[in-house]
Amino acid sequence: MKIEKFLKNVKPRATFYVVVFAFLSTISVLQSLFYGNVIAKPRIQEELENVLYLSVDSDKNCKIMIKLLPDVAPNHVKRIKQLARDKFYDGVEFHRVIKGFMAQAGGKNGNPNYGSGKKINAEFSKMKHIRGAVSMARPMDVNGADSQFFIVTQDSPFLDGQYSIFGMVIEGMECVDKIKQGPESMNGMVSNPTKIISMRVAIDEEVAKAKANK
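In this note's numbering, the protein residues as written are 375 to 588.
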């Protein structure tokens with residue numbers, strides 16, 4: 375059953391907790407299973423194929439975990455995972471961060487106007503831009519999204535149906551809150567911004583750890 379169909383009649387805040395509860399229940403099992411040398415189990419691989427580990431230099435002890443939603447935005451999930459595997463986001467800045475709204479990153483070479491150079495069509499859904507939602511930034515062109523994304527830090531219903539949500543933060547929102555913010559007078563543009571240390575697909579990281587522990 376597609377997650378959007380399953381959740382379509384659930385209130386936004388309840389939707390978030392349903393996603394978080396389901397995932398955390400799974401991840402606790404995964405952690406014990408991985409270190410029990412059963413990494414080859416298809417269900418484990420499928421779960422971790424759709425999780426991102428994001429670390430930022432505002433707090434190197436923090437890890438942000440993002441649950442991707444391929445049933446909601448399959449093309450966006452595919453794009454983000456490919457960029458993560460290409461290490462596209464390593465060193466990229468959170469160049470625009472507005473208090474009580476969102477933190478935006480994904481512009482290449484320190485320039486928020488640069489991206490991967492490949493546009494992606496919108497995948498609008500009924501998912502809500504609540505705190506923890508991860509959505510694709512875009513210019514005026516609804517099909518102009520590229521590599522930039524933003525993490526919502528406060529419920530922002532005015533964005534619903536206008537931007538493509540492709541994930542939810544299920545761990546580490548306290549780390550997101552530590553990302554350096556920009557002044558209102560500069561529309562949130564940040565000087566000396568927080569940078570992404572790395573963004574990785576979880577299955578890749580866990581396979582590497584399992585091999586190292588053998």
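Backbone N, C-alpha and C fix where the C-beta goes; we use that ideal spot for every residue, glycine too.
Report task. Tell me M563's beta-bridge partners as DSSP assigns them. Result -> Numbered from 1 along the sequence shown, position 189 holds the residue referred to as residue 563. M563 is bridged to R470.
Query raised in the report: Which two residues bound the contiguous alpha helix (DSSP H) that contains A582?
Result: Taking the first residue of the sequence shown as position 1, residue 582 is located at position 208. 576 to 586 is the span of the alpha helix (DSSP H), which, as asked, contains A582.
Query raised in the report: Is the beta carbon of I539 less than 8 Å from the beta carbon of V508?
Result: Here residue 539 corresponds to residue number 165 of the sequence shown, with the count starting at 1. Here residue 508 corresponds to residue number 134 of the sequence shown, with the count starting at 1. Yes; because the gap between Cβ atoms is below 8 Å, this pair is in contact.
Report task. Indicate whether V430 and I544 have their beta-carbon atoms separated by less than 8 Å. Result -> Along the sequence shown, one-based indexing puts residue 430 at 56. Along the sequence shown, one-based indexing puts residue 544 at 170. Not closer than 8 Å, so no.
Query - Supposed close pair G480, F523 - CB separation, criterion 8 Å - result: In the sequence shown, counting from the first residue as 1, residue 480 sits at position 106. In the sequence shown, counting from the first residue as 1, residue 523 sits at position 149. Correct: roughly 5 Å between the Cβ atoms.
Requested in this report: For N517, collect the residues of the same chain with a Cβ closer than 7 Å to its Cβ; drop the 5 residues on either side in sequence, then sort them by chain order.
Outcome: Here residue 517 is taken as the residue at index 143 of the sequence shown, counted from 1. Excluding residues within five positions, the ones whose Cβ falls inside 7 Å are K493, N495, A496.
Query raised in the report: Relative to the alpha-carbon of E420, which residue among G562, V581, K552 has its alpha-carbon at the smallest distance?
Result: The residue you call residue 420 lines up with position 46 of the sequence shown. For the residues G562, V581, K552, the minimum Cα distance to E420 belongs to V581.
Requested in this report: Put V550 into one of helix, strand or coil per three-state DSSP.
Outcome: By one-based count along the sequence shown, residue 550 stands at place 176. Helix, per DSSP.
Report task. Would you check if the stretch 524 to 534 and the stretch 558 to 569 touch, i.e. whether three or more CB-CB distances between them fall below 8 Å? Result -> no
Query raised in the report: What whole-angstrom Cβ distance do F498 and G535 have, given they're in contact under 8 Å?
Result: Walking along the sequence shown from the start, residue 498 turns up at place 124. Walking along the sequence shown from the start, residue 535 turns up at place 161. Confirmed, Cβ separation roughly 5 Å.
Requested in this report: Can you tell me the Cβ-Cβ gap for A511 and Q478, rounded? I've got them flagged as a contact below 8 Å.
Outcome: Translated into positions along the sequence shown, residue 511 becomes position 137. Translated into positions along the sequence shown, residue 478 becomes position 104. 6 Å between Cβ atoms; contact.
Query raised in the report: In three-state DSSP terms, what is L533?
Result: Along the sequence shown, read from residue 1 onward, the residue named residue 533 stands at position 159. In the structure shown, the three-state DSSP call for L533 is helix.
Query - Distance, M560 Cα to F462 Cα - result: Against the sequence shown, residue 462 aligns to sequence position 88. Against the sequence shown, residue 560 aligns to sequence position 186. Spanning the two alpha carbons is a distance of roughly 26 Å.
Query raised in the report: Quick one, which of M476, K588, D578 has its alpha-carbon nearest R459's?
Result: For this step, residue 459 is matched to residue 85 along the sequence shown. It is D578 whose Cα lies nearest to the Cα of R459.
Report task. Give the range of the alpha helix (DSSP H) segment to which L443 is assigned. Result -> Taking the sequence shown and counting its residues from 1, the one referred to as residue 443 is at position 69. Here L443 belongs to no alpha helix (DSSP H), and DSSP marks it neither H nor E.
Query raised in the report: Taking C-beta to C-beta, are K554 and V471 nearer than 8 Å?
Result: Numbered from 1 along the sequence shown, position 180 holds the residue referred to as residue 554. Numbered from 1 along the sequence shown, position 97 holds the residue referred to as residue 471. In this structure, K554 lies near V471, with their beta-carbon atoms less than 8 Å apart.
Query raised in the report: With respect to the alpha helix (DSSP H) encompassing I418, which residues constitute its N-terminal and C-terminal limits?
Result: Locating residue 418 in the sequence shown gives position 44, where the first residue counts as 1. Run containing I418: 416 to 423, per the alpha helix (DSSP H) assignment.
Report task. Can you say whether R453 is buried or exposed, counting buried as having 16 or more other CB atoms within 10 angstroms of its CB? Result -> Numbered from its first residue, the sequence shown carries residue 453 at position 79. Counting Cβ neighbours within 10 Å, R453 comes out buried, since at least 16 surround it.
Query raised in the report: In angstroms, rounded to a whole number, what distance separates the CA positions of D551 and D433?
Result: For the purposes of this step, residue 551 is identified with residue 177 of the sequence shown, where counting begins at 1. For the purposes of this step, residue 433 is identified with residue 59 of the sequence shown, where counting begins at 1. The alpha-carbon atoms of D551 and D433 are separated by roughly 11 Å.
**Report entry** Selection from N587, S572, M547 that minimises the alpha carbon distance to G598
**Finding:** Here the chain has residues from 375 to 588 only, and residue 598 is not among them.
**Report entry** Nonlocal neighbours in the same chain, by C-beta distance under 8 Å from F468, ignoring five residues either side
**Finding:** Here residue 468 corresponds to residue number 94 of the sequence shown, with the count starting at 1. V430, A477, Q478, A479, I553, K554, V564, P567, T568, K569, I570.
Query raised in the report: Using the C-alpha atoms, what's the distance from D520 back to S490?
Result: Translated into the one-based positions of the sequence shown, residue 490 becomes position 116. Translated into the one-based positions of the sequence shown, residue 520 becomes position 146. Each residue's Cα considered, the two are about 6 Å apart.
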